[in-house]
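Numbering-wise (our numbering), the sequence shown opens with residue -9 and increments by one.
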Amino acid sequence: MAAELTAHQLIAQHRPTLDLALETIRTRAYWSPHPEHPKAYGENGSLDTAAGKAAFDALAGTRLDLGQPGTDGWVGGEVSPYGIELGVEYPHADLDVLLPAMQAGQKAWRDAGAELRAMVCLEILKRIADRTMEFAQAVMHTSGQAFMMAFQAGGPHAQDRGMEAVAYAYVEQSRTPETAEWTKPQGKRDPLALTKRFTPVPRGIGLVVGCNTFPTWNGYPGLFASLATGNAVLVKPHPRAVLPLALTVQVARDVLTEAGFDPNLAALAAERPGEGIAKTLATRPEIRIIDYTGSTAFGDWLEANARQAQVYTEKAGVNTVIVESTDDYRGMLANLAFSLSLYSGQMCTTPQNLLIPRDGIRTDQGAKSYDEVTADLARAVDGLLGDDARANALLGAIVNPDVKARLEAAAGLGEVALASREVTNPEFPDAVVRTPVIVKLDGAKPEDEAAYTSECFGPVSFAVAVDSADHAVELLRRSVREKGAMTVGAYTTDPEVEEAVQEVCLDEAAQLSLNLTGGVYVNQTAAFSDFHGSGGNPAANAALCDGAFVANRFRVVEVRRPA
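Dropping the structure here:
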C-alpha cells in the first residue's frame, strides 16, 4: 500500500509542535497543546462530549479486529466499576507468530530516523486527541475514575505525557550527529581521515504492561518512548482495562500503515481470564524493554527475572506529609482534604501518612492540638464530600474488591477520626463509591508501626502522632528509604524544619511539595515540567520523564570508513 502520509506532510504539520515541546522541557514552564476543558472539543474534527459518548456506546458488543497476525481467538469480559458490561472482544495472540511479525518491521522503522519517527508518533497522538471524549469514556468505564478526571487524566494529560516522552526521545537520539569527518594530524605524514556514520538502533520489542487505574496516563510514556526510539511495542493491558489501550493500538496501527510502515510495530496482547501472560512475555528473548506500573511484588519480580530486558518500573510506596506548622490553616485543610479524596485515593501519589506532632502545631488561627488538627481535617473532608453529587464527581468508583477490603479493614487498625460512608450514584446504581477513612495512630507505638509503614492503596489515610518535628523527619527518611515514595509533602513555617525535610528528600530521591494551599495538589504532576517519581527510591526505578527514561531504549552504532 502506498503511503498516504508523506514525510514532508508529517514534518510540516508536527515539527512546530515538537519544537515547542523541546523548548518546554528545557525551560520546565507550563505548556500543553491539549485543552483540558470539555468545551474545547467538538472543533477541528474532534469529538464533543455527546459524540464521544456515542462512539463509546457503539463499541459495546463489538469485536475490535486489529488485523494482527497470529490471532488465534477472541477474549473480553471487562465490567465497568460503574456496573456496565463493556462486551468488547479483543484478539488473542499466538506469540510465536505475532512477535516475529513485529520484528520484521523494525529495519524500515530504524532507518526512518529520529525526526520522522517523532512525527509519526505525534500524528498518532493527534488522532487520539481528536477522539479524547471517546477515550475519556473508555478510561472512566475501566478505571472507575469520575468523568472529569477520566477526561483530563486519561485524555489531555496522558497525551501530554506521551508527547513529553517523544520530545525526550528526540533529544537523546539527536545528541550524536548523524555523520562526522574525522581527521587526525600525523606530522609530516598524511593525516588519518575517516568518515563516520552514527545510527541509533533499537533494542528490540518493547512490552508495556498496563495498569487498571491509569491505563493511558501510565501507559503512554513507555509506549511512545519505545516507539520513538525505533522499537516495536507490544501492549499487554490490565485485564480489567483493555479498551483504552486497545483503541490506542488501533490508532497507532492505522497511522503507521498510512505513513508507509509496518502496522505490526504496534500490537496488542490481550489475555484469557487467569492466563497471566505478563510473566511469559516478560522473559521472552524478543522482549528487550519492559514498562510496568503496578504492585511492588510483580515489579520486583520483573527486575529480578526479566534479565534480557531493560526494565522500567513504577511500583508502590508510602507517601507522607509532615504537618508541622502553617500560615494558612484553612487552605492547608482544604488542600489535604481534596488530595485524600480525589479518585478515592486510588493514585500512586495520594498521601497516606500524615505526621503530626502530638503536642500540636502553630497556625495563623493559633495553636492546634493533634486531636484538633485531625478532627478539623475530618470535617474538611466531610464538608468537601457532604453533597453526594460533588462526592461522586470527585471520588469516582472503587476500582476492584481488594481496595474495598482494605478500606473496610483499616477501621480496625486504630481510632477512627473519619469513618468512611457509602455514596449512591444515581446514574450508576451498581457503582461502589466510598468516602475516605482517616485512622489515628501513634508513631511511638511499635504495634501501630506495621500499619503506617505498609502501603494501603485506596481511600485510607493515617494521622500519625509523632514526638516532634525531628521525629517526623526521622520517620520520613526511614519510610522513603525502606518503602519508597512517589510524593512527599510538608507544611511548615520553620526554615530549619523545611531545610531538614528538603535534605531528606534530596538524600532519598523523593519529589517534594511544600506548603500547598491552593489549586495545586501533592498528588498531581504536570507533563513537561514535573517529574513523576525519581527512579531513586524503592517506589520506582524510573522517572516520568527524563533523559534516563529514554536513552537506554536504543544504542548508537558507528560505521567508519576511510575518507
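Beta carbons are placed, not taken as given, at the ideal position from N, Cα and C, and that holds for glycine.
- Taking 7 Å as the cut-off, the beta carbon of Ala119 is found no closer than this to the beta carbon of Ser164.
- By the neighbour-count criterion, in which a residue is buried when 16 or more other Cβ atoms sit within 10 angstroms of its Cβ, Ala249 is buried.
- Excluding five sequence positions before and after Ala157, the CB atoms of its chain that fall closer than 7 Å to its own CB belong to Leu8, Ala11, Leu12, Ile15, given in chain order.
- For Val547, the enclosing beta strand (DSSP E) begins and ends at 544 to 552.
- The beta-carbon distance between Gln58 and Asn254, rounded to whole angstroms, is 7 Å. This is short enough to meet the 8 Å contact definition.
- Each residue's CA atom was taken as its position, placing Leu106 and Cys535 some 21 Å apart.
- DSSP places Arg179 within a strand segment (E or B) once states are collapsed to three.
- Rounded to whole angstroms, the gap between the alpha carbons of Lys186 and Glu168 is 8 Å.
- The Cβ neighbour count for Thr173, taken over all protein chains shown within 10 Å, is under 16; the residue is labelled exposed.
- Cβ atoms of Ser315 and Asp484 come within 8 Å of each other, at about 6 Å.
- The beta carbon of Lys358 is closer than 6 Å to those of Gly350, Ile351 in its chain, skipping five residues each way along the sequence.
- Taking a cut-off of 8 Å on C-beta distances, the segment 209 to 218 touches the segment 144 to 157, as three or more cross pairs fall below it.
- If you draw a straight line from the Cα of Val456 to the Cα of Ala40, it comes to about 51 Å.
- Out of Leu385, Asp392, Glu417, the CA that lies nearest to the CA of Arg411 is found in Leu385.
- Trp291: member of the alpha helix (DSSP H) spanning 286 to 295, first to last residue.
- Within the same chain, His24, Tyr31, Ser36, Leu37, Gly42, Phe141, Gly145, Pro146, Gln149 come within 8 Å of Thr122 by CB-CB distance, once the 5 residues on both sides are set aside.
- In this model, His(-2) and Val450 are separated by some 53 Å (Cα to Cα).
- By the neighbour-count definition (other C-beta atoms within 10 Å, threshold 16), Asn531 is a buried residue.
- The beta carbons of Gly196 and Val232 sit no closer together than 7 Å.
- Apart from the 5 residues on each side of it in sequence, Asp244 sits with its Cβ closer than 8 Å to the Cβ of Arg117, Pro253 in its chain, given in chain order.
- The DSSP-derived three-state label of Glu405 is strand.
- Ala399 and Phe204 have their C-alpha atoms roughly 25 Å apart.
- Cα atoms of Thr238 and Ile114: separation of roughly 8 Å, rounded to the nearest angstrom.
- At a Cβ-Cβ threshold of 7 Å, Lys305 and Ala259 do not count as neighbours.
- Residue state for Thr283 is assigned as strand, using DSSP reduced to three classes.
- Straight across, the Cα-Cα distance linking Thr507 with Tyr481 is about 9 Å.
- Residue pairing by DSSP places Phe188 opposite Glu548 in a beta bridge.
- By the Cβ criterion, the segment 368 to 376 is in contact with the segment 421 to 436, since at least three pairs of Cβ atoms, one from each stretch, lie closer than 8 Å.
- Beta-carbon to beta-carbon, Thr189 and Val547 are separated by about 5 Å, close enough to satisfy the 8 Å threshold.
- Per DSSP, the unbroken beta strand (DSSP E) holding Ile312 starts and ends at 310 to 313.
- At a Cβ-Cβ threshold of 7 Å, Gly537 and Ala499 do not count as neighbours.
- DSSP lists Asn343, Val429 as the bridge partner or partners of Phe452.
- By alpha-carbon distance to Leu408, the top candidate from Ala370, Phe544, Glu417 is Ala370.
- Per DSSP, the continuous alpha helix (DSSP H) segment holding Glu124 begins and ends at 122 to 133.
- Taking the CA atoms as reference points, Ala529 sits about 10 Å from Gly289.
- In the DSSP assignment, the residues bridged to Arg53 are Glu79.
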